[in-house]
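Heads up: the structure comes next, in structure tokens.
Residue numbers (our numbering), protein chains in the order written: chain A, 296 to 611; chain B, 296 to 611.
See below:
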């Protein structure tokens, strides 16, 4: 292969991680910088370049690099821009692909983080060989990447696949960061899990290990309590999985995927979350799909997933 | 063009209509038979052939026919079969495309009626030139055809796009023919409109023209009363449009379409249904899409739509 490597970069609210990846998904080298340390986008691009260009030299120079894929919050595949990302230091529309193409000298493709995860899954993970699947990312928020006929769905404007913002509860739904109420994300993100725990603690008098926690309860606290047999904590996961499974049943009616793949921190809770999710999905799905749609956990290693997913974009 | 014509056929529960269509969507000839008159599929195929073969001869024989497209309830694009259609006389799996290919002697493509409408819309109607849109059919039931990147979405198994069966009301939802409760179809089909009217009559004492109707109220009755200024009938459309608009807002989060196109009898109610639908869609859609997604009425003429839609399949 003329150009045997790609660059993958994941821009997170806290860290930006970038690495060189080969066609089999091996990460040859990886490094990172703090996203928030650069108030100006030009400084940021420079800081990445200063670490990344030597890494590229080490594998033979930019002639060996097919391209660079970037996963970023609100990243738009069509424009190559980051557009109004609430958790990044740079406001408005940032011409990300243009800036990196000029500085690094390879073709740059941008998409949002959930789409990058889906492409990574298709290229290196649980969705290898699948033409139709939906990746659901369960992190601080809930995101999604939808693949149909082997193609990532970007829609008319590049923003398709905001399944964290379908409405799970139309009445008395929880307030969402998007300004509306009842979004899936308010229940099934890590934040949603913590919120459910707090509600259960505040609104019942059931004994629970969660009552001993000082400060804010996190989803990790809920997990720790649940595996120690705490009933309230276990109910939190059942509640979360039920709402998630109900939503997945509706997603199946849309695109009839071969599989739905869950990605992100919450999946570490294993059966605690997967069992109620599968049960609710099967209980709520239309008859023709009962027992047919696979519910899988991502096979991308957490530490590598973001870079791998983004890098897979560059093979496109 | 070597083969300038296609055959379109729509198999309905009552009538089967078939015609010869040219590339501009002109229907050169059309005929029909009664679907229910043929208890055996072979007799049915024969009856169609006896009328259709002379029509084909009239335009120059089967050498002039690129193919035949069939829209049928539960028609599966991948297999060419009708599979377990509740409203047709033939039970189980019917090898429809195989039977017609043998009898008519041209390539045959099958899909369900809502997908056929979407393809017709893209080829001859309101979606000409669009690569991303969703067609919603509001008839006895609610169906959908989803187009992404210019391709109809069939999903993993050929059954994608059952948007009439996403859940609109999770609690105390109406019983649906599919066996579940709260499906969009139970509210926003013609049947759903009649059901809403009956509920409003039974559960309130408001005066209404609808109270004078003998026998079952139909959606046509509700329309007639509404345009005569009947408040209860108008509320029925507002209620229907609101639930439809809420659902459309979620569909936009999935595939970010350029437009949602409504098709079928209910759209004849005009502003009575379109206005509350658009209002609810805009009120419920995620910020990034506010004011951006077109809500359109089909431009396929009702009498021709089924044949045209099905015929468009055959150009594929």
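Where a beta carbon is used, it is the ideal one built from N, C-alpha and C, also for glycine. Keep in mind that this is a model prediction, so the values were computed, not measured.
{"Check": "Amino acids of chain B, ordered along the chain, whose beta-carbon sits closer than 7 Å to that of residue 368/A", "Outcome": "Result: empty, since nearest Cβ-Cβ is about 13 Å, beyond 7 Å."}
{"Check": "Environment of residue 466/B [buried if 16+ CB atoms lie within 10 Å]", "Outcome": "exposed"}
{"Check": "Cutoff 7 Å: residue 598/A Cβ touching any chain B Cβ", "Outcome": "no"}
{"Check": "Chain-ordered chain B contacts of residue 474/A [CB-CB under 8 Å]", "Outcome": "582"}
{"Check": "The stretch 599-610 of chain A touching the stretch 363-378 of chain A, judged by at least three CB pairs closer than 8 Å", "Outcome": "yes"}
{"Check": "Pair within 7 Å by beta-carbon distance, residue 451/A and residue 553/B", "Outcome": "yes"}
{"Check": "Residue 591/A beta carbon less than 7 Å from that of residue 556/A", "Outcome": "yes"}
{"Check": "CA nearest to the CA of residue 413/B, picked from 405/B, 442/B, 435/B and 404/B", "Outcome": "442/B"}
{"Check": "Contact residues within the stretch 529-554 of chain B, judged by C-beta distance below 8 Å to chain A", "Outcome": "541, 544, 545, 546, 548, 549, 550, 551, 552 and 553"}
{"Check": "Short Cβ contact (7 Å threshold) for residue 262/A with residue 430/A", "Outcome": "For chain A, the structure presents residues 296 to 611; residue 262/A sits outside this window and is missing."}
{"Check": "Proximal chain A residues relative to residue 627/B, where beta-carbon distance stays under 8 Å", "Outcome": "Residue 627/B is absent from the structure shown; chain B starts at 296 and stops at 611."}
{"Check": "Pair within 7 Å by beta-carbon distance, residue 646/A and residue 388/A", "Outcome": "In the structure as shown, chain A begins at 296 and stops at 611. Residue 646/A is therefore absent and cannot be evaluated."}
{"Check": "Per-residue DSSP class, three states only, for residue 557/B", "Outcome": "strand"}
{"Check": "Within 9 Å of chain B by C-beta, residues of the stretch 425-459 of chain A in sequence order", "Outcome": "425, 426, 427, 428, 439, 441, 443, 444, 446, 448, 449, 450, 451, 452, 453, 454, 455, 456, 457, 458 and 459"}
{"Check": "Proximal chain A residues relative to residue 423/B, where beta-carbon distance stays under 7 Å", "Outcome": "The premise fails here: residue 423/B is roughly 15 Å from chain A at the closest Cβ pair, so nothing lies under 7 Å."}
{"Check": "Nearest-angstrom beta carbon gap, residue 459/A and residue 488/A [assumed within contact, 8 Å]", "Outcome": "That pair is no contact at about 14 Å."}
{"Check": "Neighbour list for residue 461/B in chain A, Cβ cutoff strictly below 7 Å", "Outcome": "545 and 548"}
{"Check": "Amino acids of chain B, ordered along the chain, whose beta-carbon sits closer than 8 Å to that of residue 579/A", "Outcome": "462 and 475"}
{"Check": "Under 7 Å by beta carbon: chain B residues contacting residue 469/A", "Outcome": "Correct list: empty, because the minimum Cβ distance to chain B is about 15 Å."}
{"Check": "Beta-carbon spacing of residue 560/A, residue 485/A below 7 Å", "Outcome": "yes"}
{"Check": "Secondary structure of residue 439/B, DSSP reduced to three states", "Outcome": "strand"}
{"Check": "Opposing strand residues paired with residue 329/A [DSSP bridges]", "Outcome": "310/A"}
{"Check": "Which residues DSSP lists as bridging residue 522/A, in chain order", "Outcome": "None, per the DSSP bridge assignment."}
{"Check": "Through-space distance from residue 583/B to residue 577/B, alpha-carbon basis", "Outcome": "11 Å"}
{"Check": "Straight-line Cα distance separating residue 349/A from residue 400/A", "Outcome": "13 Å"}
{"Check": "Contact under 7 Å by Cβ, residue 303/A with residue 531/A", "Outcome": "no"}
{"Check": "Where residue 399/A falls: helix, strand or coil (DSSP)", "Outcome": "helix"}
{"Check": "Contact set between residue 506/A and chain B, taken where Cβ atoms lie within less than 9 Å", "Outcome": "Result: empty, since nearest Cβ-Cβ is about 30 Å, beyond 9 Å."}
{"Check": "Any 3 or more C-beta pairs closer than 8 Å across the stretch 319-333 of chain A and the stretch 371-390 of chain A", "Outcome": "yes"}
{"Check": "Buried versus exposed, by CB contacts within 10 Å (16 or more), residue 433/B", "Outcome": "buried"}
{"Check": "Member of 522/A, 468/A and 454/A whose CA lies at the smallest distance from the CA of residue 581/B", "Outcome": "454/A"}
{"Check": "Cβ pair residue 421/B, residue 594/B closer than 7 Å", "Outcome": "yes"}
{"Check": "Own chain partners of residue 299/A with C-beta closer than 7 Å, once the 5 adjacent residues on each side are dropped", "Outcome": "317, 318 and 359"}
{"Check": "C-alpha gap between residue 320/B and residue 397/B, whole angstroms", "Outcome": "26 Å"}
{"Check": "Residue interval of the alpha helix (DSSP H) (run including residue 480/B)", "Outcome": "480-483"}
{"Check": "Chain-ordered chain B contacts of residue 490/A [CB-CB under 7 Å]", "Outcome": "Within 7 Å Cβ-Cβ: nothing; residue 490/A doesn't reach chain B, min ~19 Å."}
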